[in-house]
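S.K.: Taking UniProt numbering, I'd label the letters of the sequence shown as residues 1 to 77.
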Amino acid sequence: MRSTITSRGQTVIPAAIRERFALGPSQRLEWLVEADGSIRVVPVAASPIQAFRGQGKQGGSSRRLLADRQADAALEA
1 MRSTITSRGQ TVIPAAIRER FALGPSQRLE WLVEADGSIR VVPVAASPIQ AFRGQGKQGG
61 SSRRLLADRQ ADAALEA
C-alpha cells in the first residue's frame, strides 16, 4: 500500500490499515527513525506508558516519549 505526502506534509492512511489497527480520527501516531534509516509508525495509546510498554529495550525510549508527551501537553495548555 502506498500514500502520497501533500504540500502541507499530510498523508492518508490506507483504509485497510486503519481498519486492521482500529485507527480513527484524532488517533496519535509516533514516527520512529530506526538505526537502519527506515521509518516506523506506531499508534500511541492514550497513556504514553502503555504505548511503549516493552519498547524500551534500546534504552531511553520511555523517558524520551514521556518528555515528548509533557512538551505536547504544555503546548496544548
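A virtual CB, placed ideally from N, CA and C, is assigned to each residue, including glycine. None of these values were measured; they are calculated from a predicted model.
Which class does L29 belong to by DSSP, given the choice of helix, strand or coil?
M.R.: Residue numbering aside, residue 29 sits at position 29 when the sequence shown is read from its first letter. In the structure shown, L29 sits in a strand (DSSP, three-state: E or B).
S.K.: What is the residue span of the beta strand (DSSP E) that R40 lies within?
M.R.: Start at 1 with the first residue of the sequence shown, and residue 40 comes out as number 40. Unbroken beta strand (DSSP E) run through R40: 39-44.
S.K.: Helix, strand or coil: how does DSSP classify A73 here?
M.R.: On the sequence shown, residue 73 is found 73 positions in, with the first residue counted as 1. A73: helix per DSSP, three-state reduction.
S.K.: Flag this pair as yes or no: are the beta carbons of I13 and S3 separated by less than 8 angstroms?
M.R.: Here the question's residue 13 lines up with position 13 in the sequence shown. Here the question's residue 3 lines up with position 3 in the sequence shown. Taking 8 angstroms as the Cβ cut-off, I13 and S3 qualify as a contacting pair.
S.K.: Helix, strand or coil, according to DSSP, for D36 in the structure here?
M.R.: Stepping through the sequence shown from its first residue, residue 36 is reached at position 36. Three-state result, D36: coil.
S.K.: To the nearest angstrom, report how far apart R8 and A71 are at their CA atoms.
M.R.: Here the question's residue 8 lines up with position 8 in the sequence shown. Here the question's residue 71 lines up with position 71 in the sequence shown. Cα to Cα, the separation comes out at about 23 angstroms.
S.K.: At the level of alpha carbons, what is the spacing between E34 and G24?
M.R.: Taking the sequence shown and counting its residues from 1, the one referred to as residue 34 is at position 34. Taking the sequence shown and counting its residues from 1, the one referred to as residue 24 is at position 24. Taking the straight line joining both Cα atoms gives about 25 angstroms.
S.K.: Using CA coordinates, which residue listed in L75, E19, A16, L29 is at the minimum distance from Q10?
M.R.: Taking the first residue of the sequence shown as 1, we reach residue 10 at position 10. Considering only alpha carbons, the answer is L29.
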